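One line per chain: the protein sequences are A and B, in this order. Heads up, the first sequence is in the UniProt record's numbering, so the first residue is 1 and it goes up one at a time. Heads up, the second sequence is in the UniProt record's numbering, so the first residue is 1 and it goes up one at a time. Each residue gets a CB set at the ideal place from its N, CA and C atoms; glycine is no exception. Everything numeric in this text was worked out from a predicted model, so none of it was measured. Comments concern the structure below.
Protein chains: 2
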Amino acid sequence: MTHLELTLQPEDYSLLTDLYQLTMSACYVGESIERRRASFELTVRRLPENFGYLVAMGLAQALEYLEKLQFSPAQIAALQTSGIFSHAPDRFWTLLETARFTGDVWAVSEGTVVFANEPLLRVEAPLWQAQIVETYLLNVLNYQTLIATRAARMRDAAGPQAVLLEFGTRRAFSPQAALWAARAALGAGLDATSNVLAALQLGRQPAGTMAHSLVMALATLQGSEMEAFTAFHRYFPGAPLLIDTYNTIAAADQLAQQVEAGTLTLEGVRIDSGDLAILSQQVRSRLPGVPIFASGDLDEWKIAELRGAGACIDGYGLGTRLVTGEPVNGVYKLVELDGRPVMKEASGKLTYPGRKQIFRCFEHGQIHSDRLGLITEMPNHEQPLLQPVFKQGERLQSTETLEAIAERTSVSVASLPAELRRLQCPSPPPLEISASLLELTNQTRHARPSRND
Amino acid sequence: MTHLELTLQPEDYSLLTDLYQLTMSACYVGESIERRRASFELTVRRLPENFGYLVAMGLAQALEYLEKLQFSPAQIAALQTSGIFSHAPDRFWTLLETARFTGDVWAVSEGTVVFANEPLLRVEAPLWQAQIVETYLLNVLNYQTLIATRAARMRDAAGPQAVLLEFGTRRAFSPQAALWAARAALGAGLDATSNVLAALQLGRQPAGTMAHSLVMALATLQGSEMEAFTAFHRYFPGAPLLIDTYNTIAAADQLAQQVEAGTLTLEGVRIDSGDLAILSQQVRSRLPGVPIFASGDLDEWKIAELRGAGACIDGYGLGTRLVTGEPVNGVYKLVELDGRPVMKEASGKLTYPGRKQIFRCFEHGQIHSDRLGLITEMPNHEQPLLQPVFKQGERLQSTETLEAIAERTSVSVASLPAELRRLQCPSPPPLEISASLLELTNQTRHARPSRND
Numbered sequence: 001m002t003h004l005e006l007t008l009q010p011e012d013y014s015l016l017t018d019l020y021q022l023t024m025s026a027c028y029v030g031e032s033i034e035r036r037r038a039s040f041e042l043t044v045r046r047l048p049e050n051f052g053y054l055v056a057m058g059l060a061q062a063l064e065y066l067e068k069l070q071f072s073p074a075q076i077a078a079l080q081t082s083g084i085f086s087h088a089p090d091r092f093w094t095l096l097e098t099a100r101f102t103g104d105v106w107a108v109s110e111g112t113v114v115f116a117n118e119p120l121l122r123v124e125a126p127l128w129q130a131q132i133v134e135t136y137l138l139n140v141l142n143y144q145t146l147i148a149t150r151a152a153r154m155r156d157a158a159g160p161q162a163v164l165l166e167f168g169t170r171r172a173f174s175p176q177a178a179l180w181a182a183r184a185a186l187g188a189g190l191d192a193t194s195n196v197l198a199a200l201q202l203g204r205q206p207a208g209t210m211a212h213s214l215v216m217a218l219a220t221l222q223g224s225e226m227e228a229f230t231a232f233h234r235y236f237p238g239a240p241l242l243i244d245t246y247n248t249i250a251a252a253d254q255l256a257q258q259v260e261a262g263t264l265t266l267e268g269v270r271i272d273s274g275d276l277a278i279l280s281q282q283v284r285s286r287l288p289g290v291p292i293f294a295s296g297d298l299d300e301w302k303i304a305e306l307r308g309a310g311a312c313i314d315g316y317g318l319g320t321r322l323v324t325g326e327p328v329n330g331v332y333k334l335v336e337l338d339g340r341p342v343m344k345e346a347s348g349k350l351t352y353p354g355r356k357q358i359f360r361c362f363e364h365g366q367i368h369s370d371r372l373g374l375i376t377e378m379p380n381h382e383q384p385l386l387q388p389v390f391k392q393g394e395r396l397q398s399t400e401t402l403e404a405i406a407e408r409t410s411v412s413v414a415s416l417p418a419e420l421r422r423l424q425c426p427s428p429p430p431l432e433i434s435a436s437l438l439e440l441t442n443q444t445r446h447a448r449p450s451r452n453d
Numbered sequence: 001m002t003h004l005e006l007t008l009q010p011e012d013y014s015l016l017t018d019l020y021q022l023t024m025s026a027c028y029v030g031e032s033i034e035r036r037r038a039s040f041e042l043t044v045r046r047l048p049e050n051f052g053y054l055v056a057m058g059l060a061q062a063l064e065y066l067e068k069l070q071f072s073p074a075q076i077a078a079l080q081t082s083g084i085f086s087h088a089p090d091r092f093w094t095l096l097e098t099a100r101f102t103g104d105v106w107a108v109s110e111g112t113v114v115f116a117n118e119p120l121l122r123v124e125a126p127l128w129q130a131q132i133v134e135t136y137l138l139n140v141l142n143y144q145t146l147i148a149t150r151a152a153r154m155r156d157a158a159g160p161q162a163v164l165l166e167f168g169t170r171r172a173f174s175p176q177a178a179l180w181a182a183r184a185a186l187g188a189g190l191d192a193t194s195n196v197l198a199a200l201q202l203g204r205q206p207a208g209t210m211a212h213s214l215v216m217a218l219a220t221l222q223g224s225e226m227e228a229f230t231a232f233h234r235y236f237p238g239a240p241l242l243i244d245t246y247n248t249i250a251a252a253d254q255l256a257q258q259v260e261a262g263t264l265t266l267e268g269v270r271i272d273s274g275d276l277a278i279l280s281q282q283v284r285s286r287l288p289g290v291p292i293f294a295s296g297d298l299d300e301w302k303i304a305e306l307r308g309a310g311a312c313i314d315g316y317g318l319g320t321r322l323v324t325g326e327p328v329n330g331v332y333k334l335v336e337l338d339g340r341p342v343m344k345e346a347s348g349k350l351t352y353p354g355r356k357q358i359f360r361c362f363e364h365g366q367i368h369s370d371r372l373g374l375i376t377e378m379p380n381h382e383q384p385l386l387q388p389v390f391k392q393g394e395r396l397q398s399t400e401t402l403e404a405i406a407e408r409t410s411v412s413v414a415s416l417p418a419e420l421r422r423l424q425c426p427s428p429p430p431l432e433i434s435a436s437l438l439e440l441t442n443q444t445r446h447a448r449p450s451r452n453d
């Protein structure tokens, strides 16, 4: 076969995994340990540079995956004929034939801010099931958490009044990445997406302005930029007009004449190039009261810079720097097996053993501190962030609306101390490790079963 | 609705677009210019930092999209009920009902190296069709070209003998991004992917090793790391063993005893942490002849650094830094309409007008220079890189195999002058603009139809 089919079906996703998840599962079957109870936790060890927090996102897709997990006869046949499993035990295939996820899942709600070393999710399930879901869970939570965090930072930089539009589809890493970016961005407080499919699937109205090509096309065929504005305005009177194709100020002057003459009701203009701070001030003075949208590789730092420079910008189109860039690198680590705490400690990549809970302490509505402790510890006027979302393979909660998630993001970011919200060099999070967890970590380190030395 | 469905159907893709592509098309219909012949070219104006070239990739998916483009009655109804198009002409809907792509496409073959300002693709079609496909074409070509370029650079840094494995699924930006990354990486010369679904869809064998979780699970339940190695080796005797869970050197020593005793035939080991140069040398001295794989946030620069430090590494697992990071930011610009050249010139974002061709001049098998000229110019012992791939909506070529694309990538990268292949501060490309194109650019600039000043 020479190219990937565009189609992606839910039943494809069980093979959307690294080969070793399947080979390791076959090994577990061969050793008759595949049903031992295992707990894996998904944690981000180090945040992207200049990030003081993460906004958890992607749980809805993760749970949908777990609900639908199964292997079709065709998939099993494809694995069998690959030859890779020729020494694997036959019982591996009967396991796949009837596979479904029967475990428990604990997770932090979407829209909640979390810090490095805090688990976003824990899977407690038969070892082979908990193993096999690793790749997909990391894929969905890593990506949507990245986008949600960027979106929340951009919202924080732009202020609550600004209109923030997600324009990233052309720069997103595949069509599905565009859809998921739109979802995560809306869940983290952006107002709308330009992606029509994403908007319709999410029950939202897509948003957009116009492109240079329309201005150029109508200017070429009908004689002037103003003809382009007039034509587009005729069919889409509410859409902002893009005024930087030739000369931004000249376009603003011409539009101002029409507005003053009462022949045009202008709902907004967009500027996509040039010195946005200065141009937006000049446009504002010519078109008072008309919303000004800015776009062009903008991110949270540029938004803050523009606001600091006194730019007159009411809305931002956010694309490339929202949907690409340095990733969130979550890992998914075995922390308990058969009731025994487990940890990896090679070369500084330490993970804390045991099933854990994040106990969050608030003071006057602000996050005072987080305590990373064991699930068996009791909260002490603290909010436990990890909540059960799956019990014995059954979903416990109905899916939240995107509006509820966006509200949680807003409240959660607002509860952060200022030094963690900073865009540059945020402070380390107020995270303490509980005495019980420290003790368990020391015990596990000294009791590790496989010292080779 | 509260979450995106996991399903992606080919018929969904017509709405995988920015809203303004649809509103502008409706405006073209209203102005009766929707069938004017338009040419758009897809070009990367500026390469990511330290990139001397790009490897074109993603054309197969772009063409599949164009072949399948259509709007279903349900999609049209969804657009109609959105309210956004309430002032749009009725004829827009009849256009969508019978929509299919009827234009011509010229493109650079996948696996070809190109430089900034060289078109990767040109669409020549009725204006509204050429407009509406922008978002999707940019999405697929931007992303796969990025991945192919990174993969080609990693191959170039690692040398032709190294085994390069694509391990990026958990860090890719959505499941589909993982599939497309695997395709692009294989097309640019990587040997295999760990993504089972991608490998099976591409007719390849998936590859993989084992994870720390298996070592920890078996060490916990059966007593030692060596039990884990023995067990996994029993079912997958060809798979490399991961030896850095506890103590890399101790693990290598234990394996060496088994190899020397003749009780183990070792096909490879993997090291995922620590000082890979020193550890690989120490492991090589203990396990001579055993292939050593390295992984852990590796990229082309780290591969070059490891080789420079005398690392004994035979293969690399490449993930995060292959599939994420700074994007390729292609743009899709109107260059000709109704036979008239068109250009945008605002604020330094200049695009050359007219339908163009890249004329590549080779000397002794090396790229001597590229000439960006008009499609009407004749090659002068040069190779024209843009070839017709679609004619009046019909595909002209059958799809290429991934092996053929990988071979072209290899030859194409080998034809680059050394100063362009450098990983740091590569030279600017030997690109000249033809006299005819310069003249047309000047003419178009002075003849622009919409001077507001």
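### Query
Does the beta carbon of A:T409 fall short of 7 Å from some heavy atom of the ligand PLP?
This structure lacks the ligand PLP, and indeed carries no ligand of any kind.
### Task
Starting from B:P327, find everything on chain A with Cβ-Cβ shorter than 7 Å and list it in chain order.
R171, T320 and T324
### Query
Looking at the C-beta of A:L47, does it have a partner C-beta in chain B at a distance below 8 Å?
no
### Query
Is the Cβ of A:N195 closer than 8 Å to any Cβ of chain B?
When Cβ-Cβ separations below 8 Å define contact, A:N195 makes contact with chain B.
### Task
Kindly indicate which residue of B:E11, B:L69, B:N117 and B:Y28 has the alpha-carbon position closest to the one of B:L431.
B:N117
### Task
Measure from the C-beta of B:M57 to each C-beta in chain A and report whether the shortest distance is under 8 Å.
no
### Query
B:C27 by DSSP, collapsed to three states: which one?
helix
### Task
Decide yes or no for the touch test of the region 182–202 of chain A against the region 147–155 of chain A: beta carbon pairs closer than 8 Å, at least 3 of them.
yes
### Query
Between the C-alpha atoms of A:R408 and A:M57, what's the straight-line distance to the nearest angstrom?
11 Å
### Query
Would a check of beta-carbon distances place B:N142 closer than 8 Å to chain A?
Chain A contact via Cβ: present.
### Task
Examine chain A for any beta-carbon lying closer than 8 Å to the beta-carbon of B:T98, and answer yes or no.
Cβ-Cβ to chain A under 8 Å: no for B:T98.
### Assigned secondary structure, B:V411 (DSSP; H/G/I helix, E/B strand, else coil)
helix
### Task
Output the boundary residues of the beta strand (DSSP E) element that contains A:V328.
From DSSP, A:V328 is part of no beta strand (DSSP E); its letter is neither H nor E.
### Task
Within the region 282–348 of chain B, note down every full alpha helix (DSSP H) run reaching 4 residues or more, in order along the chain.
300–308 and 320–323
### Query
Can you list, in chain order, the residues of its chain whose CB lies under 7 Å from that of B:I76, leaving out five sequence neighbours each side?
W93, L96 and E97
### Query
Where does A:H212 land, buried or exposed, given buried means 16+ other C-beta within 10 angstroms?
The residue is buried, with at least 16 neighbouring Cβ atoms inside 10 Å.
### Task
Using a Cβ cut-off of 8 Å (strictly closer), state whether A:E394 contacts chain B.
no
### Task
Mind checking which residues open and close the beta strand (DSSP E) that includes A:L16?
Per DSSP, A:L16 belongs to no beta strand (DSSP E) and is neither H nor E.
### Query
Using a C-beta to C-beta distance shorter than 7 Å, which residues of chain A count as neighbours of B:F232?
C27
### Query
When the Cα atoms are used, what is the spatial distance from B:Q131 to B:R355?
16 Å
### Task
Measuring alpha carbon to alpha carbon, tell me which of A:R170, A:V335, A:L120 and A:V105 ends up nearest A:S194.
Check the Cα spacing between A:S194 and each of A:R170, A:V335, A:L120 and A:V105: the tightest is with A:R170.
### Message
Against A:R340, what residues of chain B qualify as contacts under a CB-to-CB distance less than 8 Å, listed in chain order?
### Response
T220
### Which listed residue (B:A304, B:P126, B:T245 and B:L420) has its alpha carbon closest to that of A:G445
Inspection of the sequence shows that residue 445 of chain A is occupied by Arg rather than by Gly. Closest option to A:R445, Cα to Cα, is B:T245.
#### Entry: Option in B:S436, B:R153 and B:S14 with minimal Cα separation from B:P48
Comparing Cα-Cα distances from B:P48 to each of B:S436, B:R153 and B:S14, the minimum goes to B:R153.
#### Entry: Where A:Q176 meets chain E, residues with beta-carbon distance less than 8 Å
Absence of chain E from the displayed structure is noted, the protein chains being A and B.
### Task
Report yes if the CB atom of B:T265 is closer than 8 Å to the CB atom of B:A239, and no otherwise.
Taking 8 Å as the Cβ cut-off, B:T265 and B:A239 do not qualify as a contacting pair.
### Query
Is A:E394 buried or exposed, if buried means 16 or more other CB atoms sit within 10 Å of its CB?
exposed
### Query
What number of angstroms, rounded off, separates the C-alpha of A:Y13 from the C-alpha of B:P237?
27 Å
### Query
Roughly how many whole angstroms lie between the Cα atoms of B:L334 and B:K391?
19 Å
### Task
Report yes if the C-beta distance between A:V114 and A:Y53 is below 8 Å; otherwise report no.
yes
### Task
Name, please, each residue of chain B whose Cβ falls closer than 7 Å to the Cβ of A:T135.
Neighbourhood of A:T135 in chain B, by CB distance below 7 Å: T169 and R170, in chain order.
### Residue burial classification, B:P288 (beta-carbon count within 10 angstroms, cutoff 16)
exposed
### Task
Could you spell out the range, first to last residue, of the alpha helix (DSSP H) harbouring B:Q387?
Under the DSSP assignment, B:Q387 falls outside any alpha helix (DSSP H), being part of the beta strand (DSSP E) whose first and last residues are L386 to K391.
### Query
From B:F101 to A:E124, what distance separates their C-alpha atoms?
50 Å
### Query
How many angstroms separate the CA atom of B:S369 from the CA atom of B:M378?
16 Å
### Message
Assuming B:L218 and B:E227 are in contact, meaning their beta carbons sit under 8 Å apart, how far apart are those beta carbons, in whole angstroms?
### Response
5 Å
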